[in-house]
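Written below as structure tokens is the structure these notes are about.
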Amino acid sequence: MQASNATVPSALTIPPVPAAPPAPAVEHLSPHDIVTYFRCPHEMELHRAQHLSWRTGQAVLPLTPTGTPPSGHSPLSPPPGESADAQPGRLIIGIHDLLLYQDPDESGLPILFPPEQSHAHAFVRQHGATLMDPSWGLSGRPDLVVRRGDGQVFPVEYKETHLWEGYHEHHGRFFDVLQAIAECRLVEAVWGATPRFGVVYYGDAAGGGEREGWIEVPYGAPQRDWLQAAMSLIRADRIRAAVPAERNCEHCEPNRDGLCRYACGSFDQHHRNERPEPPARRRFY
Ligand code: SF4
């Protein structure tokens with residue numbers, strides 16, 4: 002038997018095992034995304050595509066495949082927990098309380114801290130205007146973050162409406178609760194202290210503060226677990242179906258911009274133009 006002249010491939014010729022493809026970057030979400038998805042997943046998707054187009058200068062199409070039928074409700078279930086406690090009146094700030102953060106783009110907030118109790122400018126100068134939670138891929142801007150004299154830290158979200166407006170409207174109140182829970186998580190990630198609750202403060206702008214009040218939205222392990230599951234569900238949803246409903250579509254900004262083919266009504270321009278001025282800023286201490 003004659004030996005073959007064929008060259009035996011050396012170890013060097015063995016093709017290398019291709020490297021594993023990089024893990025896809027986790028989709029970044031904000032409290033606003035979670036609220037919007039709870040209302041209508043397609044609205045969140047249109048927002049995302051629109052902002053990505055502006056940022057990159059390239060046309061980014063929404064994920065929702067053409068021909069996807071509309072849905073009757075969002076797949077996201079409401080968060081667990083007791084209904085938030087409603088407190089009429091002012092949120093009192095004491096002399097030992099500190100303002101840790103304030104959204105620098107919110108100029109109409111009716112809550113003022115004296116300069117010696119405010120660390121907000123220093124925080125923004127050092128860390129930027131947006132609170133970031135890199136481990137969860139969450140970022141956003143509560144209106145305020147307050148630390149009480151006893152060490153309790155909590156976010157405050159300001160709404161112009163009065164305390165009892167829409168109080169019995171199931172959906173409207175849930176939007177505020179979702180936002181407060183996501184903001185509590187941001188506070189937890191940034192300051193390393195778990196808030197017991199987030200505050201939604203209703204300033205009653207149209208009524209000059211006559212019917213102002215606030216709610217405390219509980220935050221703990223059940224809400225944290227719910228939020229984590231909600232963010233996974235949103236990221237896994239590559240359809241993001243529309244939930245057309247008059248109460249959704251009339252306040253939907255992609256509808257205002259003519260982006261939605263599922264809209265069941267017009268954007269309520271009148272409502273948007275008639276927004277009242279915020280009340281005079283007042284001291285709460
Ligand atoms: S117009 Fe209605 S259906 Fe379309 S994205 Fe907005 S809320 Fe959803």
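Note that my numbering has the sequence shown beginning at 2, numbered continuously upward. We treat Cβ as the ideally placed atom computed from N, Cα and C, and that holds for glycine.
Ignore the nearest five residues each way along the sequence and tell me which others in residue i's own chain have a CB closer than 7 angstroms to its CB.
i	result
Asp-98	Gln-118, Val-147, Arg-148, Arg-149 and Gly-150
Gly-208	His-163
Gly-193	none
Ala-231	Ile-35 and Leu-77
Pro-223	Pro-81 and Gly-82
Glu-278	Below a pLDDT of 50, predicted positions are generally treated as unreliable, and Glu-278, at 42, falls in that range; no measurement from the model is reported.
Leu-30	Gly-138, Leu-139, Met-232 and Ile-235
From the options, pick the residue whose C-alpha is nearest to that of residue i; which is it?
i	options	result
Ile-216	Glu-158, Thr-195, Leu-228 and Val-61	Glu-158
Val-125	Leu-110, Pro-105, Met-133 and Phe-114	Pro-105
Phe-176	Asn-249, Asp-238 and Arg-239	Asn-249
Pro-71	Pro-255, Arg-241 and Cys-253	Arg-241
Ile-93	Glu-213, Ala-121 and Val-178	Glu-213
Arg-174	Pro-135, Glu-211, Val-154 and Tyr-203	Tyr-203
Gln-229	Trp-137, Pro-63 and Gln-103	Trp-137
His-122	Met-133, Gly-109, Leu-145 and Lys-160	Leu-145
Val-61	Phe-268, Leu-260, Arg-225 and Ala-264	Leu-260
Starting from residue i, follow the alpha helix (DSSP H) in both directions and report where the run begins and ends.
i	result
Phe-39	32-40
Gln-229	222-237
Ala-123	121-128
Pro-156	Here Pro-156 belongs to no alpha helix (DSSP H); instead the beta strand (DSSP E) covers 154-160.
Cys-250	247-250
Arg-241	From DSSP, Arg-241 is part of no alpha helix (DSSP H); its letter is neither H nor E.
Glu-117	Careful: Glu-117 lies outside any alpha helix (DSSP H) and carries neither H nor E.
Sorted by chain position, which residues of the same chain lie with C-beta nearer than 8 angstroms to residue i's C-beta, five sequence neighbours on each side aside?
i	result
His-171	Its pLDDT being 49, under 50, His-171 is placed unreliably by the model, and the measurement read from it follows with that caveat. If we look at His-171 and ignore the five residues flanking it on each side, it has no Cβ neighbours.
Can you check DSSP and say which residues form a bridge with residue i?
i	result
Ala-87	Ile-216
Arg-148	Leu-99 and Val-154
Leu-139	Leu-30 and Asp-134
So, at 6 angstroms on beta carbons, what are the nonlocal neighbours of residue i in its own chain, with the 5 sequence-adjacent residues on each side left out?
i	result
Thr-37	Glu-44 and Met-45
Mind listing which residues have their beta carbon within less than 6 angstroms of any non-hydrogen atom of the ligand SF4? Chain order is fine.
-> Residue list for the ligand SF4: Cys-41, His-43, Glu-44, Leu-47, Ala-243, Val-244, Pro-245, Asn-249, Cys-250, Cys-253, Pro-255, Asn-256, Cys-261, Tyr-263 and Ala-264 (CB closer than 6 angstroms to any heavy atom, chain order).
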